[in-house]
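First the structure, in the form of C-alpha cells, and then the observations on it.
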Amino acid sequence: MTNFQDDQNVISLKDKLPTKWFRFFIGGVIGLVLLVIALTNVYIVHENEYKVVRQFGEIVRIDQTPGLRFKIPFIQSVTSLPKAQIFYDVAEAEINTKDKKRILVNHYAIWEITNPKEMIQNARTLENAESKMDEFIFSIVRTELGQLNYDEIINDEKSSRGSLNDEVTAKVNDLLQKDSYGIRVVDVRLKRIDLPKENEQSVYKRMISERESKAQEYLSMGDAQKQRIIAQTDREVKEMLAKAQADAERIRAAGEQEAARIYNETFAKDPEFYSFYRTLESYKTTIGEDTVVILPANSPYAKWLLGQTR
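Counting with the UniProt record's numbering, you get residues 1 to 310 for the letters of the sequence shown.
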C-alpha cells in the first residue's frame, strides 16, 4: 500500500514540472545561445582595411566598404588586410658601382595592397609580399647602380639617366604586376649610402687629394685670369691716356691757333702797340735780376728801357 502511494506522488510531480516558467527558461537559454552565436559572427569593416571572408579555406568575398557585415557561423572565417600605405625598410645591400667601388646602400619603400585576392593567392601573407618586393628592389637597385659611377650615385643631379628613385619604383612595379602579386610600390627612396669599413679611409684620402688638386687647379686658373685682367686693364689705360693726350694736343693746338688769330686781328688794328707789346714780352724773357745788357744808346730796343717814349 505504501509503495503504491509513492508511485502516485512521483507521477504527480512529473505532471507539475513542464510548467510555463520552465518553458520560458528553456526559451531564454536557447535565445541567449543564438544571440551569442549571432554576435560572434558579426564583424565591422573599417575604412582603412579589407575584410577577407573565407569558406572552407577559399575566398568567397572581400569587403572594403566601411560598415557592419555578417558571416555564416562555423563555416566562414574573417581576416583583415591593411588598405592604407605601408612603410617597409629595405635590407641594407652591398653593390659594386661602374667604376668598381663597393658601397652599402639602404632604401625604404612605401607600398600598398591593390588587389587583396591576388595578394593572398600569390604571396599568401604580408611578410611574403614584402619579402618578394625586397627581392625585386635589391635586384633592380644592384643593376641600376652597377651602371653608374660613384659620384653619379651620391649626386643624382649629375646623372644623365634621370631620377634613380623613380626608375627603381617603376621597374619594381612592372615585376610585381607581371607576377600578379596584387601590391603596388608607391615610392622607393635611397635613404643612405655608406662605404665598407675597410674602404672608408682610403676613399676619404683619395677624395681629399682630388679636392685639393681641384682647388689648386681653380687657384691657378684664378691667377691666370687675374693676370689677363690686369694686362688688359693696363693696355686699356694706356690707350685711354694716349687718346686723351692726343685730344689734349689737338685742343691745345686749336686754342693756340685761335689765340694767334685773335692776336693778329687785334694787333693789325694798331701795329705800333703790337710792336710795343712784343718788345715788353721780350724783356720778360731776356732780362732778369742779374742780367747785364750792353746796347747802343740809340738802339730801338733800348729806348723803352731808358724811358724814351718818343
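Built from N, CA and C at the ideal position, the CB exists for glycine as well.
Q | Terminal residues of the beta strand (DSSP E) in which Leu148 lies | A | Looking at the DSSP string, Leu148 is not in any beta strand (DSSP E), and its letter there is neither H nor E.
| message | Counting C-beta neighbours from all protein chains within 10 Å, is the total for Val186 16 or more, i.e. buried, or is it exposed? | response | Within 10 angstroms of the beta-carbon of Val186 lie fewer than 16 other beta-carbons, which makes it exposed.
**Request:** Kindly indicate which residue of Arg142, Pro82, Ile193 and Val78 has the alpha-carbon position closest to the one of Val52.
**Result:** Of Arg142, Pro82, Ile193 and Val78, the residue nearest in Cα terms is Val78.
| Counterpart residues of Thr79 in DSSP-defined beta bridges | Val52
- request: Measure the C-alpha to C-alpha separation of Ala248 and Ala231 and round it to an integer number of angstroms.
  value: 25 angstroms
Q. In terms of DSSP beta bridges, what is Trp111 paired with?
A. Ile86 and Val185
message = So, at 8 angstroms on beta carbons, what are the nonlocal neighbours of Ile154 in its own chain, with the 5 sequence-adjacent residues on each side left out?
response = Ile193
| said: Whole angstroms are fine: how far does the CA of Leu219 sit from the CA of Lys226? | reply: 10 angstroms
If you draw a straight line from the alpha carbon of Ser160 to that of Asp179, how long is it in whole angstroms? Note that Ser160 scores a pLDDT of 48, beneath 50, so its modelled location is shaky and nothing firm can be said.
Self-check item: Host alpha helix (DSSP H) of Ala170 (start-end)
Solution: Leu164 to Lys178
* Could you pull out every residue in the same chain whose Cβ sits closer than 7 angstroms to the Cβ of Ile44, ignoring the five residues on either side in sequence? => Leu68
Check whether the Cβ atoms of Arg189 and Asn173 sit closer than 9 angstroms, and answer yes or no.
No; because the gap between Cβ atoms is not below 9 angstroms, this pair is not in contact.
Using the C-alpha atoms, what's the distance from Ser163 back to Arg142?
In this model, Arg142 and Ser163 are separated by some 15 angstroms (Cα to Cα).
Whether His46 touches Pro66 by CB criterion (9 angstroms):
Closer than 9 angstroms, so yes.
Residue span of the beta strand (DSSP E) that contains Ile59, given as start and end
Glu58 to Asp63
Give me the residue from Ala170, Gly28 and Ile287 with the minimum Cα distance to Phe136.
Ala170
Exercise for the section: Provide the residue span of the alpha helix (DSSP H) that contains Asn122, from first to last. Expected result: Start and end: Pro116 to Asn122.
Check: Where do the N-terminal and C-terminal ends of the beta strand (DSSP E) with Leu195 fall, by residue?
Finding: For Leu195, no beta strand (DSSP E) run applies, since DSSP gives it neither H nor E.
For this session: Pull up the DSSP beta-bridge partners for Leu68, would you.
Result: According to DSSP, Leu68 bridges with Ile44.
task = Apply the 10 Å Cβ neighbour rule to Lys238 and answer buried if 16 or more other Cβ atoms are within range, or exposed otherwise.
result = exposed
* Around the C-beta of Trp21, are 16 or more other C-beta atoms found within 10 angstroms, so that it is buried, or is it exposed? -> exposed
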